[in-house]
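Number of protein chains: 2
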Amino acid sequence: MNLKITSDTTAKTSGNAAVPQKNIKTILKQLESDGIIGISVDCVIFGFDDNELKVLLIKSDLEKFDNKWSLLGDLVNNHEDLDQAAYRILKERTGLDDVYLEQVKAFGDVGRHPAARVVTIAYCSLINIEHHKLKITDNELHWHRVTTLSDMAFDHRQILDVCYEWLQKRIQEHPLGFSLLPKQFSLRELQNLYEAILDVKLDRRNFRKKFFSMELLEDTGELETDVPHRPGKLYKFNYEKYQKKERKKWFGIDF
Amino acid sequence: MNLKITSDTTAKTSGNAAVPQKNIKTILKQLESDGIIGISVDCVIFGFDDNELKVLLIKSDLEKFDNKWSLLGDLVNNHEDLDQAAYRILKERTGLDDVYLEQVKAFGDVGRHPAARVVTIAYCSLINIEHHKLKITDNELHWHRVTTLSDMAFDHRQILDVCYEWLQKRIQEHPLGFSLLPKQFSLRELQNLYEAILDVKLDRRNFRKKFFSMELLEDTGELETDVPHRPGKLYKFNYEKYQKKERKKWFGIDF
DNA sequence: ATTATAATGTGTAATTTGTACACAATTAGC
DNA sequence: GCTAATTGTGTACAAATTACACATTATAAT
Numbered sequence: 001m002n003l004k005i006t007s008d009t010t011a012k013t014s015g016n017a018a019v020p021q022k023n024i025k026t027i028l029k030q031l032e033s034d035g036i037i038g039i040s041v042d043c044v045i046f047g048f049d050d051n052e053l054k055v056l057l058i059k060s061d062l063e064k065f066d067n068k069w070s071l072l073g074d075l076v077n078n079h080e081d082l083d084q085a086a087y088r089i090l091k092e093r094t095g096l097d098d099v100y101l102e103q104v105k106a107f108g109d110v111g112r113h114p115a116a117r118v119v120t121i122a123y124c125s126l127i128n129i130e131h132h133k134l135k136i137t138d139n140e141l142h143w144h145r146v147t148t149l150s151d152m153a154f155d156h157r158q159i160l161d162v163c164y165e166w167l168q169k170r171i172q173e174h175p176l177g178f179s180l181l182p183k184q185f186s187l188r189e190l191q192n193l194y195e196a197i198l199d200v201k202l203d204r205r206n207f208r209k210k211f212f213s214m215e216l217l218e219d220t221g222e223l224e225t226d227v228p229h230r231p232g233k234l235y236k237f238n239y240e241k242y243q244k245k246e247r248k249k250w251f252g253i254d255f
Numbered sequence: 001m002n003l004k005i006t007s008d009t010t011a012k013t014s015g016n017a018a019v020p021q022k023n024i025k026t027i028l029k030q031l032e033s034d035g036i037i038g039i040s041v042d043c044v045i046f047g048f049d050d051n052e053l054k055v056l057l058i059k060s061d062l063e064k065f066d067n068k069w070s071l072l073g074d075l076v077n078n079h080e081d082l083d084q085a086a087y088r089i090l091k092e093r094t095g096l097d098d099v100y101l102e103q104v105k106a107f108g109d110v111g112r113h114p115a116a117r118v119v120t121i122a123y124c125s126l127i128n129i130e131h132h133k134l135k136i137t138d139n140e141l142h143w144h145r146v147t148t149l150s151d152m153a154f155d156h157r158q159i160l161d162v163c164y165e166w167l168q169k170r171i172q173e174h175p176l177g178f179s180l181l182p183k184q185f186s187l188r189e190l191q192n193l194y195e196a197i198l199d200v201k202l203d204r205r206n207f208r209k210k211f212f213s214m215e216l217l218e219d220t221g222e223l224e225t226d227v228p229h230r231p232g233k234l235y236k237f238n239y240e241k242y243q244k245k246e247r248k249k250w251f252g253i254d255f
């Protein structure tokens, strides 16, 4: 599920190929007049900063959605897998190629794109904002709070909502959250992350007890720096150990 | 999530339109030569019979996959939503239009279809085999055991695996399972269903206790018939009550 | 009618898991 | 050295899960 690929984006331009942004309208117009369904990928890129969940958005380039915010997406190249297309977009926009990325859902309602029939595959990506802070000097690319955000282009608000709910559920069952933090993190940071994403208040001692009992956090021996109080220990998540754990198929019926 | 729509399939034939089966190869050939990505929907239709999970398959009509089994699918019509396309296929093949249906995942690897580049959206459907037993006299349409099954066309084995795992997880968190049973069912039937799908053995008393404590099963006052032993009570699932329940966002971290 | 068979229906004790809660120890900043 | 702020830790209670056995009821065979 958790994909880590360095995508090769040297495919040729043909069909629904990746092309410079300014030609995309021409392609869509062509698709529409030919009665062809286009395929795109949209990336919901989450980051965590200032104890809040953020999403990376760009200003829409369609007149209809003037001044509205849009997810990062592009048409899928004829010679690349869907996952590769998502990686390509992510790399183009953030410069990162070693990130958590997972497909969430396809959105394909007839009227979702004003220019043509386009089915889009939504991907969810989690990145550490600190790591690429300098690279997003692009055109109108900005982080936005997930909770207070409206005026999105297309059906991107709906896509974002679905991905956010997906994340809330997923983070409790899989170790995704660490992708939003530095490699080394304090338990306080981890708890803040869970509290922000789930919008709940958790007991500090029980939270620690839970994570320690999983035995997947490694004490790095280092301490926080630059905090105006007693520094906490820094831990890192042990992915190898997690991978080796056998998955149980019985969780218990609960609905 | 749980969609129940009666699909309208009167759309015209244009572009990736729904067409008689024999023309599909022509369309694919055209797509390939034009460098266009096709979009299809594939339905993984599960049924439960003889205490085993079954899946509804058809013989592939491609030479390359001669004698291999294939999911039920079709190209997406230019004027229908993805969900509608899935419903259309389901209705065409089973005659049923009041069924559980949910999107699971898009599959779009470059080489997954031999004739052209085709991205497919996989849907999972759960139906009661008894209810439509007579309608599947179609060409080579048959139920297959999920566990002992190989030789599938395209990447359909992979799609089936993903959908089966999806089902195993989903059935523990959402009341899907009832769609595989008659409207009225005994607790034994329900437990058999869970045991078969999850491949686990469950304690009968604890299983009952769990379901009764949820207070979503209604005693119909009726009893099983045609069993060669003491008949069990028949229950039905109360969907209205379930819908009214508030969803909790905190389940507890566990991975 | 009697009996054998095969399942239903039920309760309790033991274990595990989750929750609520308070105080001493450590570091930075003044 | 004193204050402020946060870390680090344990225990008692509640809730949920698990393990487990026997009387009851209908059918089927005799």
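In order, the protein sequence lines correspond to chains R and V.
The first sequence lines up with residues 1 to 255 when you count with this note's numbering.
The second sequence lines up with residues 1 to 255 when you count with this note's numbering.
Ideal placement from N, C-alpha and C gives every residue a C-beta, glycine not left out.
Inspect the beta-carbon positions of residue i and residue j and report whether they are closer than 8 Å.
i                      : j                      : result
residue 106 of chain V : residue 103 of chain R : yes
residue 65 of chain R  : residue 180 of chain R : no
residue 44 of chain R  : residue 125 of chain R : yes
residue 80 of chain V  : residue 93 of chain V  : no
residue 144 of chain V : residue 69 of chain V  : yes
residue 246 of chain R : residue 234 of chain R : no
residue 60 of chain R  : residue 153 of chain R : yes
residue 188 of chain V : residue 252 of chain V : no
residue 122 of chain V : residue 28 of chain V  : no
Look at the alpha carbon of residue i and the alpha carbon of residue j, and state the distance between them as a whole number of angstroms.
i                      : j                      : result
residue 35 of chain V  : residue 238 of chain R : 44 Å
residue 42 of chain R  : residue 24 of chain V  : 29 Å
residue 109 of chain R : residue 82 of chain V  : 6 Å
residue 17 of chain R  : residue 63 of chain R  : Residue confidence for residue 17 of chain R is low, a pLDDT of 42 falling below 50, so the modelled location carries little weight; the figure read from the coordinates is stated next. Cα to Cα, the separation comes out at about 23 Å.
residue 127 of chain R : residue 130 of chain V : 49 Å
residue 56 of chain V  : residue 99 of chain V  : 14 Å
residue 4 of chain V   : residue 86 of chain V  : Caution is warranted here: a pLDDT of 42 is assigned to residue 4 of chain V, below 50, making its placement in the model unreliable, and no coordinate value can be reported.
residue 120 of chain V : residue 199 of chain V : 29 Å
residue 204 of chain V : residue 226 of chain V : 22 Å
residue 32 of chain V  : residue 142 of chain R : 38 Å
residue 265 of chain V : residue 54 of chain V  : Past the boundaries of the shown model lies residue 265 of chain V; chain V is included only from 1 to 255, so the question cannot be answered.
residue 202 of chain R : residue 186 of chain R : 16 Å
residue 173 of chain V : residue 228 of chain V : 33 Å
residue 147 of chain R : residue 30 of chain V  : 46 Å
residue 58 of chain R  : residue 78 of chain V  : 29 Å
residue 160 of chain V : residue 213 of chain V : 33 Å
residue 190 of chain V : residue 73 of chain V  : 30 Å
residue 162 of chain R : residue 67 of chain V  : 39 Å
Can you name, in chain order, every residue of its own chain whose Cβ lies under 8 Å from the Cβ of residue i, other than the five neighbours on each side?
i                      : result
residue 10 of chain V  : Bear in mind that a pLDDT of 42 at residue 10 of chain V, under 50, signals an unreliable position, so the number given afterwards is only what the model happens to contain. Nothing listed; no residue qualifies.
residue 175 of chain R : 216, 237, 239, 242
residue 112 of chain V : 118, 120, 154, 155
residue 244 of chain R : none
Excluding the 5 residues flanking residue i on each side, which residues of the same chain have their C-beta closer than 7 Å to its C-beta?
i                      : result
residue 167 of chain R : 46, 124, 197
residue 178 of chain V : 237
residue 51 of chain V  : 192, 196
residue 164 of chain R : 146
residue 224 of chain R : 186, 231, 232, 234
Alpha carbons only, please: which of the options is nearest the one belonging to residue i?
i                      : options                    : result
residue 155 of chain V : V:210, V:71, V:193         : V:71
residue 209 of chain V : R:61, R:78, R:254, R:52    : R:254
residue 195 of chain R : V:31, V:118, V:249, V:191  : V:249
residue 207 of chain R : R:122, R:219, R:199, R:192 : R:192
residue 114 of chain R : R:38, R:244, R:230         : R:38
residue 219 of chain R : R:183, R:226, R:230        : R:183
residue 75 of chain V  : V:101, V:162, V:26, V:172  : V:26
residue 170 of chain R : R:73, R:147, R:101         : R:101
Leaving out five residues on either side along the sequence, give the residues of the same chain with a beta carbon under 6 Å from the beta carbon of residue i.
i                      : result
residue 211 of chain R : 217
Contained beta strand (DSSP E) runs [length at least 3] in the segment 67-93 of chain R, N- to C-terminal order: 72-75
Runs of 3 residues minimum, wholly inside the segment 112-193 of chain V: which ones carry the beta strand (DSSP E) assignment? 118-126, 142-145
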